[in-house]
Structures are given as C-alpha cells and as structure tokens.
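**Q**
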Amino acid sequence: MAIASESVIGASLPRVEGHGKVTGRARYAADVQLPNALWIRVLHSTRAHARIARLETAEAMALPGVVQVLTGADFKMLTGAGIRDLPILCRDRVRFVGDAVAAVAAEDPDVAEQALALLRVEYEDLPAVFDPEKALDPQAPVLHPDRASYQGGPEPNPRLPNLQSTVGFSKGDVESGFAEADQIFDHTFTVARSHQAYIEPRACAVNVEPDGTVRIWSSCKVPYKLRSMMAELFELERDKVVVEPVSIGGDFGAKGPVGQEPLAYLVARATGRPAKVVRSYVEELQAGQPRHGASIRVRTGVKRDGTLVAREMFLTMDGGAYAGLKYNGQLILPSVTRGLGPYNVPNARLEARWVYTNNVPCGIARAPGQPQVVFAGESQMDLIARALGLDPIDFRLRNMVQDGDTWPNDAKVQGVSARPTLQLARRASGWNEPLKPWRGRGVATSERGIGSGTSGLIVSLHSDGRVTAMSGVPDIGCGVFTILGQILSERLNVPLESVTVSSGNTAQALPDAGTGGSKSTYSVTVAAQAVSSAINRELVALAAQRLECAPEDLEPAGQGYQVKGSPASNVSTTDVIAELAARSGGVFEAQAPGPGREDRAKQWCSVACVAEVEVDPETGKVTPIKITMAVDAGQAINPRLFQGQVEGGMMQGLGMALMEALPTEEGQVTALHLGDYKIPAIADLPELVSVTLEDAPAPGPYGAKAVGELGCIPVAAAVANAVEHATGVRILSQPITAELVRAGMAAAGRA
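Residue 5 in this note's numbering sits at position 5 of the sequence shown; the count goes up by one each step and never skips.
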C-alpha cells in the first residue's frame with residue numbers, strides 16, 4: 001500500500017475547541033449545574049477607607065431562601081498570590097470602594113441579591129489617599145498597619161509603610177555616564193489603569209464530597225496554583241483538592257489563583273451543599289484587578305552623534321488597596337526592565353515601586369508592566385531623535401543591541417534579532433513614503449522572553465488506532481490544544497483527525513504551571529516532543545517486527561513506515577498503534593514533563609510597530625490609519641492562530657493608546673459597564689499589517705518561540721510618536737484622547 005501525507009505543521013487549521021464555543025456547547029464555570037447548589041452574592045463597600053463600626057445581618061438572614069450570611073468575623077485568614085494581604089471578607093476595615101464586606105448564600109441568585117439590600121453597615125470614615133506619590137509621604141495615612149504580619153513578599157519598609165514592593169537593578173556607572181553625555185533628556189510620563197476586558201466574568205463552583213474531596217470548577221487559568229493555595233489556606237491535603245477543567249472566556253493575565261473560591265468553599269463546608277459564585281461585570285470593573293496606572297520618569301544621556309551612554313527609569317505604580325492580586329515585584333522585573341529598551345546602553349539603572357492606595361487593587365495584565373514602561377521609554381526615544389535631527393528608526397538602529405552585547409538588565413542572550421525586526425517594520429510600513437497633511441508615522445520597538453513552565457503531557461494509544469492526549473493546561477482560547485494536536489499528528493505520523501487533545505483535572509493530568517508569560521506553545525511543544533519520541537521508539541520496534549527487518553532499516557513514510565529502498569514494504573502508523581495498544585491490554589500510555597521555569601530559553605522575541613494616524617486639527621481626534629507589526633516570534637505552527645495572537649494584541653494596544661482608562665473619583669470607579677469603559681470595536685480598527693521575521697534562531701520544536709504578549713506592547717508608544725509627527729505636539733500621558741491633543745495644539749498655537 002502507498003503511504004503519503006502532507007505536513008500539518010505550518011497549516012492554518014481551525015481551533016479544535018472552536019466548534020463547541022460557537023455552538024454554545026462549551027462549558028464555562030458559570031454553566032456548571034450542581035444539584036441543590038447555593039448562590040453567593042457579595043456586598044461591596046461604598047467607602048474608600050473606613051472602619052466597619054457595625055454590621056447587622058439578622059434581617060437578611062430572616063429572608064426566606066437565605067441559608068447563610070458570612071462576614072469577616074467568621075474567619076481570619078488572608079490570601080494573595082505574593083503578599084498575603086487580601087481578606088476574603090473584610091474584618092475591621094475597608095480599603096477601597098468595592099471591598100468585600102459580607103456575603104449571602106441563598107437558594108437562588110435573586111434571593112441572594114435581595115438579601116444584600118437588607119444588610120445594615122455603619123462605617124467610620126478614615127483618611128484616604130488616592131495618589132501613589134502622596135501615599136509615600138511620611139504624613140500619609142497608613143493603609144495596612146499590620147503589614148509586618150503578612151505572609152509572603154518582601155520585608156516591609158518602616159519608613160515607607162504604604163510601599164507594597166520594590167525592585168531594581170543597575171549596570172555600569174550611571175552618574176559617570178550622565179557626566180559623559182553631551183545632552184540629557186528628562187521626561188515624566190503617566191499611564192492610566194486599564195481593564196483586561198475579557199468577555200467572561202470570574203465564576204466558580206465548589207462542592208465538598210462525602211469523602212472530604214473538595215471539587216472546584218473555576219475560571220482560574222492556573223488550576224494547580226489554585227489547588228495549592230486552597231490546600232494551604234484551609235490546611236487540606238493537596239490531593240483532596242481537585243480542580244476540574246472548564247473553558248475560560250478570556251483572561252489577558254487577570255484570572256490568577258486569587259478569586260472567590262475560598263468564599264465558595266467556606267459556604268460549601270458549612271452548609272454541606274455545593275456553592276456557586278458568578279460575578280457581574282459591574283463587580284469586575286469595580287473590584288477586579290486592572291492593569292496598573294503608573295508615573296514613569298525617564299532620564300537619558302546621549303552623545304551628539306546619537307550614541308546612548310546612560311539611561312535611568314523611575315517607576316511608581318499604583319498598586320491599589322491590596323498587593324495580593326499579583327505576584328511579587330521580582331517576577332515582574334523582567335517586564336519593567338524592557339522600558340530601558342533593546343539598546344546597548346553601557347550605564348543603566350531602574351527602580352520600580354508598587355504603592356498602596358485606596359484605589360481598586362491592581363493585578364496582572366498581558367505583558368505585566370511592559371506596555372507602560374515601553375510607552376515611556378520609546379516615547380522619549382523619539383523626543384531625542386527629533387531633538388538631534390535624526391530619523392527615529394536610524395537613531396534606534398544606531399544603538400540596537402546585537403549578539404555579543406549585554407541587554408540593559410545585564411542579561412546575556414542568544415540569537416538577538418531586534419535589528420532585523422525593526423528593519424522589517426520599516427520596509428513593511430512604507431516608512432519613507434510621503435504623507436498627507438495632519439498625518440504622521442511613529443515607531444516603537446521592544447522585546448520579550450520566551451516563557452517556560454511545567455507542562456506535562458500524557459498520551460494514550462488505543463486499539464482502534466486513535467491517539468488521545470491529556471494536558472493540565474487550561475483552555476483560555478489561545479488554541480493550545482490545536483497546536484498540540486498538530487505536533488502529535490506530525491511526530492507520530494498519524495492523521496490529524498485521529499488525535500484528540502483534552503484538558504484533565506488536577507488529579508488526572510500532569511502538573512501544569514498554567515497559561516501566562518508567553519509560555520504555552522514552547523512548553524507544551526517541548527513536552528509533546530519528548531513523549532512522542534518515547535512512543536516512536538516503541539512504534540518503530542513493532543513496525544520492524546511486522547516488516548521483518550531491523551529497526552534501523554525503517555524510515556518514516558507519510559503516515560507510516562517503510563523499509564528503506566523498498567517502498568512497497570510498508571505499514572501504516574495507525575495499524576502499528578492499534579497493535580501496540582492491543583498488546584498492552586487495549587491502551588498504551590506514555591507521559592513526559594515539559595520544561596521547568598529554570599529551563600527558560602535563552603533567545604528573546606523582538607517586536608517593532610509602526611503606527612500611521614490622522615489628526616483632526618479642529619477637534620484633536622486621532623484616527624489610526626494603519627498599524628504595522630513586525631515580530632520575531634519564531635515559525636508559526638498554525639499561522640491562523642499566530643496571526644490571531646498578533647492582531648488581538650495590536651487591538652488591545654490600540655485600545656490602551658487611544659481610549660482605555662478605568663476612571664475613578666475619590667476611589668470610586670465611574671465606568672461600571674462596557675458601555676462606559678471603551679474598548680476598540682471593529683469600526684475603530686485601522687488596516688492591520690503583521691509580518692514575521694524569517695529564519696531567526698528559535699529554541700522550540702519546529703522553530704517555535706512565543707507570540708502571546710508581543711502585539712500589545714509597543715502600540716501606544718508608536719501612536720504617541722505618530723501624533724507628534726502629525727501635529728508637532730507631544731502627549732506625555734496615555735490614553736491619547738482628543739481632549740489632550742486639542743489642548744496641546746492650543747498651547748502650542750497650532751489649533
């Protein structure tokens with residue numbers, strides 16, 4: 001029999017989980033129906049900073065259908081991903097408008113909502129602080145007087161009690177570098193907080209089974225971290241906590257391990273009934289964990305010929321009322337160092353501070369910290385280029401790091417491709433083409449590492465020739481199961497339709513670090529490569545037996561094996577799989593772990609963005625015309641999914657650039673639905689062009705690197721630079737609204 005096939009690597013195949021989502025058959029945490037389940041609703045604080053003087057629950061408890069009312073007096077534990085400073089329900093004080101004060105568990109959600117209105121709370125207002133710089137003043141109110149007792153995170157600073165955490169590094173001698181400079185540029189930029197704007201609000205359901213097993217369905221993207229946190233928080237055996245897989249309706253960093261699961265568990269444990277929490281979008285915006293707002297000062301020393309000699313950056317991030325929704329600053333350090341740019345700067349220093357305020361607590365968002373600092377660093381690069389009379393791209397290329405250099409954080413990396421990526425963006429964008437009046441182009445560039453984390457895979461071969469794979473990675477919509485299926489099909493030489501990949505619960509699947517940090521494709525493909533290599537050894541040995549030859553005399557041929565030099569002597573892989581499974585009692589199983597965090601690839605990924613905009617001289621409105629993105633993200637295993645990640649990131653970056661801001665007044669979020677919190681719609685989008693650097697060094701199987709976070713990082717800086725090119729007005733804050741542009745033009749006499 002003749003065997004032939006086409007490679008599925010590099011094919012734009014539809015996502016395997018897509019059909020269930022568009023038909024409504026995919027199951028999310030909110031869809032989980034458990035018999036006799038209770039619904040939980042949370043009462044949120046209306047004060048930014050206050051003591052809870054009195055909390056009356058009797059009237060709510062008396063409402064028919066109410067089963068339990070919980071307050072902070074019912075438990076003492078604090079939770080958090082890094083610093084454990086976050087109460088499940090507040091005990092003695094609230095620290096922001098939206099803080100969780102009490103919870104009601106009832107037979108249905110409407111009754112629970114009615115009961116919230118019957119809770120009586122009296123507050124004693126305390127001084128509040130909303131500006132992170134003012135929060136660091138020695139006279140500012142101390143928001144966490146018990147900070148020294150919190151677990152996790154850095155040691156508290158007695159001189160700066162409202163400091164959540166701080167990180168920094170230095171390279172060379174910065175003061176000597178500035179002394180050597182011919183000109184020093186000093187600017188301060190501000191970035192508004194912004195929401196991740198995922199479609200699905202956070203939700204969870206918890207059941208405590210008769211044998212003590214705690215079973216959780218959650219929109220959390222890191223199920224194994226959630227399992228560990230719940231076990232530690234409530235002193236449970238880790239194996240007794242099982243997190244079940246569900247689809248997750250978007251994440252963009254926000255759906256970490258800290259959610260409503262502890263509250264649902266407490267209700268389930270106390271009542272003996274399953275408990276369920278589904279947040280409203282008002283709650284998501286009022287009490288979620290948005291991207292940090294920031295103030296960023298950048299000083300750069302440069303020679304007359306455009307050579308960078310020194311750069312320092314000082315960041316003050318508004319951490320909000322709690323630090324527990326994000327990991328500690330050391331884990332975010334690689335992101336914020338990117339503000340210094342992919343440049344060969346001999347003398348560099350960075351200091352970043354996260355500060356407690358009485359604003360909504362901030363957390364992790366796509367490429368955490370990096371879009372903010374790149375907005376500042378790349379905006380100033382254009383200011384310098386224009387002051388020196390240099391083309392912005394030429395100025396960047398003059399200073400671009402190359403192999404053999406060290407990056408600003410002193411890291412030594414391999415396969416540096418920042419320069420060719422920027423050159424590719426120049427060509428693809430038509431950088432030197434003439435523009436109409438009131439149009440401008442701007443450029444920004446950055447880089448990001450290839451994430452890595454535990455990501456094991458269990459592959460089973462079945463007697464009917466099927467291949468099934470179980471992963472612990474959750475489905476958040478980025479297509480990782482499709483990628484896994486393509487790689488297993490390719491490496492095992494079997495038809496794609498015979499491969500099924502699914503997510504297992506934390507008791508079945510091998511541990512997985514969860515989705516985030518641009519790790520999924522690299523980590524799961526390394527695991528798939530390892531397990532398929534082990535399986536192929538068994539398949540080759542069995543195929544050799546069937547064809548009566550030595551294993552070394554075989555060669556792959558399409559979806560099977562053939563004897564070298566004798567194409568007619570062949571056998572299909574499906575037949576060999578069926579026989580191997582039959583000999584193993586019906587199923588043959590193999591497994592392999594993926595790379596750990598310590599196995600992070602040395603190469604980095606580069607990105608360069610060119611934005612073309614048009615500005616209305618009467619109103620200041622900025623209309624994006626074209627966004628060109630050049631990426632060095634390795635080879636696309638699935639170009640359609642790859643393109644979706646790039647374009648999705650571009651859209652998110654455009655939203656942050658022009659419209660996204662989570663506004664507050666005295667700590668109260670004033671955009672409480674997606675009608676007020678503006679994100680880009682299709683009508684807002686310009687022409688989107690993305691191009692990929694070919695043949696760049698890549699560590700993953702089939703040349704894969706990482707693309708998940710690249711697209712959103714440089715857009716805002718490129719837009720700001722384009723606005724200045726079009727108007728001659730520099731906007732130092734983000735988002736770049738029509739009001740800011742109009743005011744800047746008026747001040748410059750250009751309106």
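Just so it is clear, CB atoms sit at the ideal spot from N, CA and C, and this is done for glycine as well.
1. Taking just the CA atoms, how far does residue 473 sit from residue 225?
2. Excluding the five sequence neighbours on either side, which residues of its own chain have a C-beta within less than 8 Å of the C-beta of residue 621, listed in chain order?
3. Among residues of its own chain, excluding the 5 on either side of residue 332, which ones have a beta-carbon nearer than 6 Å to its beta-carbon?
4. How many angstroms separate the CA atom of residue 95 from the CA atom of residue 125?
5. Write down every uninterrupted run of the alpha helix (DSSP H) in the segment 79–151 whose length is 4 residues or greater and which is fully enclosed by it, in chain order.
6. Does the segment 419–431 come within contact of the segment 582–596, defined as at least 3 CB pairs closer than 8 Å?
7. Beta-carbon within less than 7 Å of residue 2's beta-carbon, same chain only, minus the 5 sequence neighbours each way: which residues are those?
8. Distance, Cα to Cα, residue 4 vs residue 630?
9. Output the boundary residues of the beta strand (DSSP E) element that contains residue 745.
10. Roughly how many whole angstroms lie between the Cα atoms of residue 736 and residue 320?
11. Out of 657, 688, 666, which has the shortest C-alpha to C-alpha gap to residue 625?
12. Quick one: residues in its chain with C-beta nearer than 6 Å to the C-beta of residue 42, no 5 flanking neighbours on either side, listed in chain order?
13. Identify the residues that DSSP records as bridge partners of residue 42: which are they?
14. Grab me the residues of residue 153's own chain with a C-beta within less than 7 Å of its C-beta, minus the 5 sequence neighbours each way, in chain order.
15. Under 8 Å: do the segment 229–237 and the segment 287–304 share three or more Cβ pairs, one atom per stretch?
16. Give me the Cα-Cα distance between residue 58 and residue 112, rounded to the nearest whole angstrom.
17. Kindly indicate the opening and closing residues of the alpha helix (DSSP H) around residue 224.
18. Does the segment 480–498 come close enough to the segment 5–16 to have 3 or more Cβ pairs within less than 8 Å?
19. Quick one: what does DSSP say residue 198 is sitting in, helix, strand or coil?
20. Counting only the same chain and skipping the five closest in sequence on each side, list residues whose C-beta sits under 7 Å from that of residue 543.
21. Can you tell me the Cα-Cα spacing of residue 61 and residue 70, whole angstroms?
22. Looking at the strands, I want to know which residues DSSP matches up with residue 215.
23. Who are residue 475's beta bridge partners in DSSP?
24. Just verifying my parser: in three-state terms, what is the DSSP assignment at residue 3?
25. Kindly indicate which three-state DSSP category residue 692 falls into: helix, strand or coil?
26. Within a Cβ cutoff of 6 Å, which residues of the same chain sit near residue 150, ignoring the five residues on either side of it in sequence?
27. Counting Cβ pairs, one atom from each stretch, are 3 or more of them under 8 Å apart for the segment 671–678 and the segment 391–399?
28. Is it true that the CB of residue 196 sits closer than 9 Å to the CB of residue 759?
29. Checking 9 Å against the spacing of the C-beta atoms, do residue 703 and residue 646 come in under that value?
30. To the nearest angstrom, report how far apart residue 464 and residue 692 are at their CA atoms.
31. Take residue 418 and list the residues in its own chain whose beta-carbon comes closer than 7 Å to its own, dropping the five residues that flank it on each side.
32. Would the beta-carbon of residue 503 fall within 9 Å of that of residue 475?
33. Keeping to the same chain, check which residues put their C-beta closer than 7 Å to that of residue 335; ignore five residues upstream and five downstream.
34. Please specify which runs of the alpha helix (DSSP H), each continuous and at least 4 residues long, are wholly inside the segment 364–433, giving them in chain order.
35. For a test of the three-state rule: what should DSSP assign to residue 625, helix, strand or coil?
**A** Based on what the coordinates show:
1. The alpha-carbon atoms of residue 225 and residue 473 are separated by roughly 12 Å.
2. Same-chain partners within the cutoff: 615, 738, 741.
3. Counting only Cβ-Cβ distances below 6 Å, and skipping sequence neighbours, we find 368, 369.
4. When rounded, the distance between both Cα atoms is 10 Å.
5. The segment 79–151 contains, as complete alpha helix (DSSP H) runs of 4+ residues, the segments 109–116, 132–135 (chain order).
6. Using a Cβ-Cβ distance cut-off of 8 Å, the segment 419–431 and the segment 582–596 are not in contact, since fewer than three pairs of beta carbons, one from each stretch, lie closer than that value.
7. Confidence is the limiting factor: at residue 2 the pLDDT is only 33, short of 50, which leaves the residue's position unreliable, though a coordinate-based value still follows. Nothing meets the Cβ criterion.
8. Residue placement at residue 4 is flagged as unreliable, the pLDDT there being 38, under the threshold of 50; a coordinate-derived value is accordingly withheld.
9. Per DSSP, residue 745 belongs to no beta strand (DSSP E); it is in the alpha helix (DSSP H), 738–747.
10. Their backbone Cα atoms lie some 23 Å apart in a straight line.
11. The shortest CA-to-CA distance from residue 625 to any of 657, 688, 666 is the one to 688.
12. Closer than 6 Å at the Cβ level, and outside the excluded window around residue 42, lie 100, 103.
13. Answer by DSSP bridge pairing, in chain order: 103.
14. Closer than 7 Å at the Cβ level, and outside the excluded window around residue 153, lie 82, 83, 165, 323, 328.
15. Judged by Cβ distances under 8 Å, the segment 229–237 makes no contact with the segment 287–304, as fewer than three pairs qualify.
16. Rounded to the nearest angstrom, the gap between the Cα atoms of residue 58 and residue 112 is 14 Å.
17. Where residue 224 is concerned, the enclosing alpha helix (DSSP H) stretches over 223–233.
18. Yes, since at least three Cβ pairs between the segment 480–498 and the segment 5–16 fall closer than 8 Å, the two stretches touch.
19. Three-state result, residue 198: coil.
20. Excluding five sequence positions before and after residue 543, the CB atoms of its chain that fall closer than 7 Å to its own CB belong to 554, 561, 571, 576, given in chain order.
21. For residue 61 and residue 70, the distance between alpha carbons rounds to 10 Å.
22. 207, 242, per the DSSP bridge assignment.
23. In the DSSP assignment, the residues bridged to residue 475 are 247.
24. Confidence at residue 3 is low in this model, with a pLDDT of 37, below 50, so its placement is unreliable and the value that follows should be read with caution. If DSSP states are grouped into helix, strand and coil, residue 3 belongs with coil.
25. In the three-state scheme derived from DSSP, where H, G and I count as helix and E and B as strand, residue 692 is classed as strand.
26. Counting only Cβ-Cβ distances below 6 Å, and skipping sequence neighbours, we find 83, 84, 85.
27. Taking one beta carbon from each stretch, the segment 671–678 and the segment 391–399 have fewer than 3 pairs nearer than 8 Å; the two do not touch.
28. Here the chain covers residues 1 to 751 and nothing more, so residue 759 does not appear.
29. Using a Cβ distance threshold of 9 Å, residue 703 and residue 646 do not count as a contacting pair.
30. Cα to Cα, the separation comes out at about 40 Å.
31. Within the same chain, residue 418 has close Cβ partners 342, 400, 401, 445, 447, 606.
32. For residue 503 and residue 475, yes; Cβs fall inside 9 Å.
33. If the five residues before and after residue 335 are omitted, its C-beta is found closer than 7 Å to the C-beta atoms of 367, 368, 369, 370, all from its own chain and listed in chain order.
34. DSSP runs (the alpha helix (DSSP H)) wholly in the segment 364–433: 370–388, 392–399, 418–429.
35. Strand, per DSSP.
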